[in-house]
Amino acid sequence: MINKFISAVIEKSTPEFESIQKIALTNFKKVMSAFRENGVAPRHFSNTFGYGYDDIGRDTLDRVLADIFKADRAIVTPYFASGTHALSNALFSILRPGDTLLEMTGKPYDTLEEVIGISGNSQSSLKAWGVKYAQVDLKNGLPDYDAIREAVRAIKPRVAAMQRSAGYAFRTSLTPEMISNIVKIVREESKDTLIFTDNCYGEFTQTVEPIELGVDLCAGSLIKNLGGGIAPTGGYAAGSEYCMNLVAERLTSPGIGREVGSYAYGYKDFYEGLFFAPSVVEAALKMATMFSHAFSMLGYEVAPLPGSNRSDIIQAIKTNSEDMLIEICKAVQFASPVESNVVPMPWDMPGYQHKVIMAAGSFAQGASIELSADGPIKPPYNVFIQGGLTFEHALTALEEVLTRLYNLGLIKIPDEF
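The sequence shown begins at 1213 in the numbering used here and counts up by one.
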């Protein structure tokens, strides 16, 4: 019964698979072109020590990503500990006391709340630093263009920010068309405003990146899409010359910027991860597509819907049940290559406002380009599934999830199967 149901899921997913493969091929050609144009060679993989002056591995890696993203400059570094760290560095780089940060796509991802000062009492937040905050909420899960225009016109913010991924919101991610529309509005109403995009989970899901759509600066993690499941740590930022000079000086120090920064372990994993990234994102998108079809066919609300134009790798499922949320995470953990024996449980995770359950049997801790599932323990108990280094792993995980839920009586397979 389960196998017949999964066969039907794959059949329904196939037209989307073909579209995903075309996107992956386009992005792979961009990566190949950047590697070729920058003459990537074994010498770029070598480690360096001390200050790291004239580190060709570091500098070439930056140029490769800048070329892929069509940015003036980029920074790809192991010294960003996470996506949140990269985003925080970017925001502190381009904001000053007295400036206003306008979030144009609703409340940001949970871990940014304390960075901004929306929650908590950190003396290191933007709020504590004197940065003001304003927010435009989404309208029916989509950007409210009229409200964005009104807010930008009235506030003239120093930075107007948007979050490409849905994060822990049950909504669609921002498509290139949406990002272009937002950029156009901001440029019309406030030419001096800098436009920033949280690009986490979105890289290589489409054939264009935010910088090509007019964004000034974007940032994200290397243990998500861009690392291809190989980069062991790190993050990146890319954008205009002006913004990237500020980001570099925040990363190290004023007057020094990107001139220093050795790495004793070498850069091979970062180059190789970037090379594999389009194919790995392809596998992750196919995973999300299958889960979307499967749970939609079972009668559950999902986001994105089957057939949607995906702009991140996340698939949300509204389970309406704490037990079901937990059991899905247990199944994903059991289907993982690392720590499959571990049983995930809800816990108070730093940076989150509710208990969270996370399943992530990954080679790199917290690497959500590897197959993982998580969700906050609060109604309606949405589970967020993302990643998958290979199609075979994604398919095996889907089978494990459905089998566990069926055996526990939490789902009913339609009679025709």
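From the three backbone atoms N, C-alpha and C, an ideal C-beta is built for every residue, glycine too.
Judged by DSSP in its simplified three-state form, residue 1299 adopts helix. In this structure residue 1292 does not touch residue 1286 by the C-beta definition: roughly 12 Å separates them, more than the 8 Å allowed.
Note on residue 1483: 16 or more other CB atoms within 10 angstroms of its CB, so buried under the neighbour-count rule. Around the Cβ of residue 1327, a 10 Å sphere holds 16 or more other Cβ atoms; the residue is buried.
Residue range 1603-1619 is occupied by the alpha helix (DSSP H) that includes residue 1619. Secondary structure of residue 1408 (DSSP, three-state): strand. As for any beta strand (DSSP E) of minimum length 3 sitting wholly inside the stretch 1221-1251, there is none. Look at the beta carbons and you see the stretch 1468-1476 touching the stretch 1250-1269: at least three pairs across the two are nearer than 8 Å. Put simply, the backbone Cα of residue 1428 is about 12 Å away from that of residue 1457. Around the CB of residue 1258, fewer than 16 other CB atoms lie within 10 Å, so the residue is classed as exposed. Residue 1378 places its beta carbon 8 Å or farther from that of residue 1408. If you look at residue 1536, you'll find it in the alpha helix (DSSP H) that goes 1534-1546. In the DSSP assignment, residue 1586 falls within the beta strand (DSSP E) that extends over 1584-1588. In the three-state scheme derived from DSSP, where H, G and I count as helix and E and B as strand, residue 1374 is classed as strand. Counting the other CB atoms within 10 Å of its CB gives residue 1468 a total below 16, which places it among the exposed residues. Looking at 1560, 1234, 1527, 1238, the one whose alpha-carbon comes closest to that of residue 1569 is 1560.
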